[in-house]
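For the sequence shown, counting from 1, position 344 maps to 344 in our numbering; every step adds exactly one.
Heads up, the beta-carbon is just placed ideally off N, CA and C, and yes, glycines get one too.
Values in this document were obtained by computation on a predicted structure and should not be read as measured data.
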Amino acid sequence: MNTKTLVLIVSNELCERFCFYGLRSILFSFLRVQYSFSAKSSTAFLHLFISMSYLFTLLGGIVSDMVLGKYNTIVILGSVYLVGTLLLTYVSMEYASQGLILTSLLLISLGTGGIKPCVAAFGGDQLGQASTSDRKRFFDLFYFAINIGSMASMIMMPVLSDVGCLGKQSCYPLAFGASSTLLGASMLLFMSGKSSYIIKPPRKQQLADTFRILGTAIKTMINKKQEVAQENEIKAATASEKVHHLVSVSDQQKLVQISKVLLPAVFFWMLYDQQSSSWIEQGTKMSTHANIFGIQLEIVPSQMQAFNSIFTLALIPIFSKVVYPILDAIGIHLRPVVRMSTGIGFVSISFFISAFIQHRVDVLAYNHQQLSILWQLPQYILLTAGEVMLNITGLEYIYSEAPESMNSLSLSMWLLTVAAGNILVMLLSMIDVVALLSIPHHDTSTFIFYGTIGLLASIRMFLARRPANK
Numbered sequence: 001m002n003t004k005t006l007v008l009i010v011s012n013e014l015c016e017r018f019c020f021y022g023l024r025s026i027l028f029s030f031l032r033v034q035y036s037f038s039a040k041s042s043t044a045f046l047h048l049f050i051s052m053s054y055l056f057t058l059l060g061g062i063v064s065d066m067v068l069g070k071y072n073t074i075v076i077l078g079s080v081y082l083v084g085t086l087l088l089t090y091v092s093m094e095y096a097s098q099g100l101i102l103t104s105l106l107l108i109s110l111g112t113g114g115i116k117p118c119v120a121a122f123g124g125d126q127l128g129q130a131s132t133s134d135r136k137r138f139f140d141l142f143y144f145a146i147n148i149g150s151m152a153s154m155i156m157m158p159v160l161s162d163v164g165c166l167g168k169q170s171c172y173p174l175a176f177g178a179s180s181t182l183l184g185a186s187m188l189l190f191m192s193g194k195s196s197y198i199i200k201p202p203r204k205q206q207l208a209d210t211f212r213i214l215g216t217a218i219k220t221m222i223n224k225k226q227e228v229a230q231e232n233e234i235k236a237a238t239a240s241e242k243v244h245h246l247v248s249v250s251d252q253q254k255l256v257q258i259s260k261v262l263l264p265a266v267f268f269w270m271l272y273d274q275q276s277s278s279w280i281e282q283g284t285k286m287s288t289h290a291n292i293f294g295i296q297l298e299i300v301p302s303q304m305q306a307f308n309s310i311f312t313l314a315l316i317p318i319f320s321k322v323v324y325p326i327l328d329a330i331g332i333h334l335r336p337v338v339r340m341s342t343g344i345g346f347v348s349i350s351f352f353i354s355a356f357i358q359h360r361v362d363v364l365a366y367n368h369q370q371l372s373i374l375w376q377l378p379q380y381i382l383l384t385a386g387e388v389m390l391n392i393t394g395l396e397y398i399y400s401e402a403p404e405s406m407n408s409l410s411l412s413m414w415l416l417t418v419a420a421g422n423i424l425v426m427l428l429s430m431i432d433v434v435a436l437l438s439i440p441h442h443d444t445s446t447f448i449f450y451g452t453i454g455l456l457a458s459i460r461m462f463l464a465r466r467p468a469n470k
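Below is the structure:
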């Protein structure tokens with residue numbers, strides 16, 4: 001395990017995540033302030049941007065595994081990403097059409113989504129035959145870097161965008177320009193280590209085989225009565241009739257097992273990413289004056305997302321060094337799928353807390369009073385605990401369970417659940433089931449509605465565990 005290369009990869013991820021989460025944290029307010037979008041339109045653009053960013057992970061995984069290889073994919077799509085951030089910086093300086101805004105967001109989505117499954121898998125390639133504990137430490141460090149980058153950006157970007165410049169009270173060009181600069185630096189940093197990397201070539205001949213396996217796996221899921229023996233093999237035909245590849249059915253079974261945890265994960269992200277929309281909207285109705293350790297602060301509602309990263313940095317070592325070892329010591333061994341289902345349960349409970357907070361906000365508003373925005377902290381703590389249990393475990397689980405020839409593609413499938421979750425938020429917001437059924441206390445009931453869906457998803461994932469996980 002080459003420490004230098006892993007440091008370069010983790011550092012690149014930290015800078016790239018600073019850029020992505022920084023853009024995401026102020027996009028809602030940018031559209032509201034700079035372009036006078038309505039709250040509904042800004043929410044739609046935000047979740048569209050997030051969903052596109054994760055939809056492109058599938059393309060990135062396919063291109064990486066079967067066409068360009070991980071390294072080339074990261075460099076090429078990273079450059080597309082940089083062009084998108086530069087265009088967004090321009091859009092923030094000059095009033096532009098919605099089409100140009102969408103173009104910049106599309107380029108950013110293509111870039112960040114395309115490289116996302118590749119970076120983690122590329123880091124995994126550098127581990128070689130590392131032990132399970134070394135592999136776990138790497139993914140913990142990788143996720144730790146993600147949260148350092150996101151925490152720093154969600155604290156700094158709202159501040160940078162709030163200073164006056166160019167004759168305006170806000171300065172979004174400064175914020176977006178800073179992100180572009182850091183992204184460019186991260187690309188140079190990553191490319192500087194090329195000679196030290198283990199660069200695996202793409203497996204172009206696997207393209208037809210992969211979709212054949214995926215198709216068979218889907219058929220297996222639909223036909224639950226189908227029994228597939230471990231020792232059997234299926235022949236995947238290539239373009240040449242004379243050449244056949246024997247593809248182990250175990251690959252098919254691995255994809256089937258992975259797919260069982262993907263659907264419930266969609267509902268986790270449906271809840272999780274609402275910290276950038278519905279929780280911010282809730283925060284706008286609360287008092288933003290806060291007293292932290294005797295220091296008077298003015299907290300912008302969008303800055304509350306930084307607590308998610310702060311709590312993540314604290315909870316990662318707590319879970320890995322304290323919680324899991326204690327549970328193991330007393331005979332409670334939480335298998336990956338059980339950890340992930342528990343994570344969905346935690347984030348679901350955070351929405352029930354949100355409902356309680358919303359009820360208090362509405363009651364106090366009736367009396368012309370406001371609840372402190374710091375009352376959102378408990379829901380952020382539970383949200384973060386759920387994230388640590390589901391997302392870190394999910395990355396490790398997918399990488400270890402996926403067929404070797406489809407590491408990036410399998411990670412893309414995992415990341416696609418984020419896109420699906422955000423699309424689901426958009427659809428449910430448009431339908432507005434609570435309003436449709438004329439349920440009273442709209443905002444409070446909406447949080448309860450989402451929390452209930454999350455609990456059902458948690459139960460579904462728990463039931464998807466293997467017999468060995470019981």
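Secondary structure within the segment 284–332: the beta strand (DSSP E) runs of 3 or more consecutive residues, fully enclosed, are 289–292 and 295–298 (chain order). The continuous alpha helix (DSSP H) containing Glu13 extends over residues Thr3 to Val33. Per the C-alpha coordinates, the member of Ile332, Pro317, Phe311 and Leu436 positioned closest to Met151 is Phe311. Between Leu415 and the set Leu58, Gly167 and Asp162, the nearest pair of CA atoms involves Leu58. Cβ neighbours of Ile148 within its own chain (closer than 6 Å, five residues either side excluded): Leu14. In the three-state reduction of the DSSP assignment, Ser372 falls in the strand class. Counting along the chain, Ala365 sits inside the alpha helix (DSSP H) bounded by residues Pro336 to Tyr366. Distances from the CA of Val75 to each of Gly114, Tyr95, Tyr397 and Tyr90 were compared; the closest alpha carbon is that of Gly114.
Annotated as distal: Trp279 and Val418, with beta-carbon spacing of 8 Å or more.
Nearest neighbour of Leu263 by Cα position, chosen from Ile453, Asn2 and Val10, turns out to be Ile453. Secondary structure at Lys200: coil, using DSSP grouped into helix, strand and coil. Cβ contact annotation for Leu371 (same chain, cutoff 8 Å, sequence separation greater than five): Met286, Ser287, Ile357, Arg360, Val361 and Leu364, in chain order. Cα atoms of Gln257 and Ala265: separation of roughly 14 Å, rounded to the nearest angstrom. With respect to the 8 Å criterion, Ser104 and Val91 are classified as neighbours on the basis of their beta carbons. By the neighbour-count criterion, in which 16 or more other beta carbons inside 10 Å mark a residue as buried, Gln369 falls on the exposed side. In terms of Cα proximity to Ser170, the closest of Ser161, Ala178, Gly177 and Tyr35 is Ser161. Taking 8 Å as the upper bound for CB-CB distance, Lys254 and Glu401 are in contact here, some 5 Å apart. Note on Asp140: 16 or more other CB atoms within 10 angstroms of its CB, so buried under the neighbour-count rule. For Tyr172, the uninterrupted alpha helix (DSSP H) segment begins and ends at Tyr172 to Met191.
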